[in-house]
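S.K.: Under the UniProt record's numbering, think of the first position of the sequence shown as 1, with each following residue one higher.
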Amino acid sequence: MPAGHYYTQETKELMFSVIQFIEREKNGPTIPLYNVNDRIMAALQISHGSLVKLKNEMKQLQEEQQKFLDHKLLEQQQQPYTLAQKNKTERLRPRSSSPVTTPKNDYSTSVDTPRAGAKVPSKHGGGAKKAPAITIIIDNAPWHRELADDTKPPLRSWRKQMIADWLQDHNIS
């Protein structure tokens, strides 16, 4: 045993049983590697019920540690949050959702179209070179999925003359 460390009799028995289990496994596993619960029960010489209780206790300890770490992290992040709240109240001008939708006196409020002079803010800075917008229209109508007779490829069930006609119609030699 390490110098200066004293272990209880139960701890020593547990250590010895684990050492014996590992020595028995030298020539290959006696219990399949994928059967983790049985391997743990054999190494620690405990019953299935005890193993379940130990796993539940271990899970609770891990959850408590995670809560503690989350709480510490939240405390560290709380200070910048309070500064942001303080700065939020000191805004110099009112915020609106978009300059395009703000009502002005030069057009009717019942119309939802933007004014001609309104500028839409660019999302990614600069915006000096604006690419044209690309529109993709997807139509899932069943008649659009079917091929026309002249574009259908030949089938294996076609007779030889039909295949020859199809090849001739499509200029395939």
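Note that the Cβ used here is the ideal one computed from N, Cα and C, for glycine as well. A quick note: this is a predicted structure, and the numbers were derived from the prediction, not measured.
Taking the straight line between their C-alpha atoms, what separation do you get for Ser17 and Glu75?
M.R.: In the sequence shown, residue 17 corresponds to position 17, counting from 1. In the sequence shown, residue 75 corresponds to position 75, counting from 1. About 44 Å.
S.K.: Which of the three DSSP states, helix, strand or coil, is assigned to Pro142?
M.R.: Within the sequence shown, residue 142 is the residue found at index 142, counting from 1. Reduced to three states, the DSSP call for Pro142 is helix.
S.K.: Grab the span of the alpha helix (DSSP H) containing Lys160 for me, first residue to last.
M.R.: Here the question's residue 160 lines up with position 160 in the sequence shown. From DSSP, the alpha helix (DSSP H) with Lys160 extends over 160-169.
S.K.: Would Leu44 and Leu73 be called neighbours here (beta carbons separated by less than 8 Å)?
M.R.: By one-based count along the sequence shown, residue 44 stands at place 44. By one-based count along the sequence shown, residue 73 stands at place 73. No.
S.K.: Please look up how many angstroms separate the CB atoms of Asn35 and Leu51, rounded, as I've assumed it's under 8 Å.
M.R.: Here residue 35 refers to the residue found at position 35 of the sequence shown. Here residue 51 refers to the residue found at position 51 of the sequence shown. Taking a contact as a CB-CB distance under 8 Å, the pair Asn35 and Leu51 does not count as one, their CB atoms being some 12 Å apart.
S.K.: In angstroms with no decimal places, state the Cα-to-Cα distance between Gln60 and Phe68.
M.R.: Taking the sequence shown and counting its residues from 1, the one referred to as residue 60 is at position 60. Taking the sequence shown and counting its residues from 1, the one referred to as residue 68 is at position 68. When rounded, the distance between both Cα atoms is 12 Å.
S.K.: Grouping DSSP H, G and I as helix and E and B as strand, with all else coil, what is Thr30?
M.R.: For this step, residue 30 is matched to residue 30 along the sequence shown. Correct three-state label for Thr30: coil.
S.K.: Roughly how many angstroms separate the alpha carbons of Glu146 and Leu155, rounded to a whole number?
M.R.: As a working mapping, residue 146 is identified with position 146 in the sequence shown. As a working mapping, residue 155 is identified with position 155 in the sequence shown. Their Cα atoms are separated by approximately 15 Å.
S.K.: From the DSSP output, in three-state form, read off His5 for me.
M.R.: The residue given as residue 5 occupies position 5 in the sequence shown. Coil at His5, not helix or strand.
S.K.: For Ala42, which of helix, strand or coil comes out of DSSP?
M.R.: What you label residue 42 is simply residue 42 of the sequence shown in a count that begins at 1. Ala42 falls in the helix class under three-state DSSP.
S.K.: By the three-class DSSP mapping on this structure, what secondary structure does Leu14 have?
M.R.: Taking the first residue of the sequence shown as 1, we reach residue 14 at position 14. Helix, per DSSP.
S.K.: Taking a contact to mean a Cβ-Cβ separation below 8 Å, would you say Met58 touches His48 in this structure?
M.R.: Sequence index remark: in the sequence shown, residue 58 carries index 58 (1-based). Sequence index remark: in the sequence shown, residue 48 carries index 48 (1-based). Contact: no.
S.K.: What runs of the alpha helix (DSSP H), each 4 residues or longer, lie entirely inside the region 58-82?
M.R.: none
S.K.: Where Asn27 and Gln77 are concerned, what is the direct C-alpha to C-alpha distance, given to the nearest angstrom?
M.R.: Here residue 27 refers to the residue found at position 27 of the sequence shown. Here residue 77 refers to the residue found at position 77 of the sequence shown. So the alpha carbons of these two residues sit roughly 53 Å apart.
S.K.: Secondary structure at Arg156, three-state DSSP: helix, strand or coil?
M.R.: For the purposes of this step, residue 156 is identified with residue 156 of the sequence shown, where counting begins at 1. Reduced to three states, the DSSP call for Arg156 is coil.
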